[in-house]
Amino acid sequence: MDMVEAMRVAVAVARHRSFSAAGRNLHLSAPSVSRIVAELEADLGVRLFNRTTRQINLTDAGTEFVQKSAGLLEELDLMRSAVRERHKTPRGQLRVSCVTAFGNECLAPAMPEFSLRFPQLDISIDLGNRLVDLIGEHFDVAIRVGPLRDSSLIAQRISTQRIVFVASPTFCERHGTPKTLDELEFWPSVTQVSGGWGRSHRFSRGGKIIDFEVPQHLTMNSARAVRNACITACGYSLLPDFMVAQDIAENRLVRLLPDHEAVEQPIFAFYAQRRHTPQKIRVFVDYLVEVFSGVDNG
99 MDMVEAMRVA VAVARHRSFS AAGRNLHLSA PSVSRIVAEL EADLGVRLFN
149 RTTRQINLTD AGTEFVQKSA GLLEELDLMR SAVRERHKTP RGQLRVSCVT
199 AFGNECLAPA MPEFSLRFPQ LDISIDLGNR LVDLIGEHFD VAIRVGPLRD
249 SSLIAQRIST QRIVFVASPT FCERHGTPKT LDELEFWPSV TQVSGGWGRS
299 HRFSRGGKII DFEVPQHLTM NSARAVRNAC ITACGYSLLP DFMVAQDIAE
349 NRLVRLLPDH EAVEQPIFAF YAQRRHTPQK IRVFVDYLVE VFSGVDNG
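Listed below in structure tokens is the structure:
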């Protein structure tokens with residue numbers, strides 16, 4: 099006896115309350131369904147169904163068997179689908195929401211290689227710092243700084259960022275090089291503020307945690323715009339390390355207060371919990387981890 103087939107037959111009979119209806123659903127004759135149920139009951143040593151001329155009802159043992167069988171059959175189908183899909187080429191549309199700075203500086207340069215690996219995927223990336231409704235707005239993945247308090251989402255850490263103080267060499271020639279945060283109070287600044295983000299940053303110095311309230315001399319909602327203004331000596335700035343590493347290396351910017359270590363901020367890829375994660379999401383998140391996890395951004 100094929101136990102998997104017998105389980106499918108028992109579940110179908112319980113659902114339709116009829117041997118003939120179950121047979122039509124499974125493309126089997128009614129006598130075949132009756133025979134399989136009889137063999138199953140003989141194998142288990144219990145009656146699963148009470149049969150009368152008018153109806154078929156589950157026994158207590160039948161209820162337990164059908165409930166457990168339905169769960170096992172679902173798991174089996176999911177496993178088969180997952181294995182089959184893993185060997186298929188991902189295709190369709192992949193919609194991604196990403197915070198602006200990381201999207202501009204890190205994600206965008208990494209996408210050509212991903213597209214070469216998976217040419218049958220059409221990719222749409224929305225850059226912005228607002229919190230999106232992943233399911234309601236039909237995004238597959240959202241990339242955000244810091245954890246979200248949403249238990250319906252899976253979070254995969256892909257990278258980190260630290261906020262650093264920077265200024266142009268010209269700015270430092272005009273104003274000097276600060277030794278403490280207090281010295282920055284009256285210096286011109288150009289900083290990124292986007293919604294509630296960017297109004298304060300946390301640093302560590304000598305084992306002591308310091309919360310720095312960002313001056314509001316000149317604020318912009320774009321980190322790239324802030325960087326460009328900072329390079330022109332508009333003011334000192336606080337920017338993610340991955341944005342300014344190259345500028346510091348090539349002396350377009352210098353780091354201020356290097357003894358103030360910013361508290362590390364994790365960058366996560368979020369996606370909805372599913373019994374079976376679509377392959378397009380799985381390969382994209384795996385790629386993000388491959389490219390960005392463990393990278394020292396300066």
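Residue numbering for the sequence shown follows this note's numbering, beginning at 99 and increasing consecutively. We put the CB at the ideal spot given by N, CA and C, even for glycine. Bear in mind that the values here come from a model prediction, so they are computed numbers and not experimental data.
Going by C-alpha positions, valine 342 is about 47 Å away from arginine 178.
DSSP assignment within the region 164-232 yields the following whole alpha helix (DSSP H) runs of 4 residues or more, N-terminal first: 206-215. Following the DSSP letters along the chain, one finds valine 342 inside the alpha helix (DSSP H) bounded by residues 339-347.
DSSP, reduced to helix, strand and coil, places lysine 277 outside both helices and strands of the structure shown, so it counts as coil. Take the alpha-carbon of alanine 104 and the one of isoleucine 134: they are about 6 Å apart. In this structure, the beta-carbon distance from arginine 255 to leucine 219 does not fall below 9 Å. Taking C-alpha positions only, serine 266 is separated from valine 361 by approximately 23 Å. Contact check for histidine 315 against glycine 333 passes: the beta carbons are separated by less than 9 Å. A residue is called buried when at least 16 other Cβ atoms come within 10 angstroms of its Cβ; lysine 306 does not meet this threshold and is exposed. A distance below 7 Å between beta-carbons, with the five flanking residues on each side excluded, links arginine 353 to the following residues of its chain, in chain order: Val262, Phe263, Val264 and Ile346. Of the residues assessed, glutamate 203 falls on the buried side of the cut-off, its CB having 16 or more other CB atoms within 10 angstroms. If you look at aspartate 141, you'll find it in the alpha helix (DSSP H) that goes 128-142. With respect to serine 167, arginine 106 sits close: the two C-beta atoms are nearer than 9 Å. Looking at the DSSP output, alanine 367 bridges to Ile241 and Gln254.
A check of alpha carbon separations from arginine 350 across His358, Cys328, Leu229 and Gly304 identifies Cys328 as the nearest. Under the DSSP definition of a beta bridge, glutamine 259 partners with Gln363. Counting other Cβ atoms within 10 Å of its Cβ, glutamate 139 reaches 16 or more and is therefore classed as buried. A contact is defined here as three or more CB-CB pairs under 8 Å, and the region 210-226 fails this definition with respect to the region 245-252.
Closest in alpha carbon position to glutamate 359, among Arg113, Phe366, Asp339 and Ala331, is Asp339. Inter-residue distance for phenylalanine 117 and phenylalanine 163 is about 17 Å (C-alpha atoms, whole angstroms). Three or more beta-carbon pairs drawn from the region 234-242 and the region 364-381 are found closer than 8 Å, and the two stretches are therefore classed as touching. Proximity to serine 132 across Arg113, Ala108 and Arg152 peaks at Ala108, based on C-alpha coordinates.
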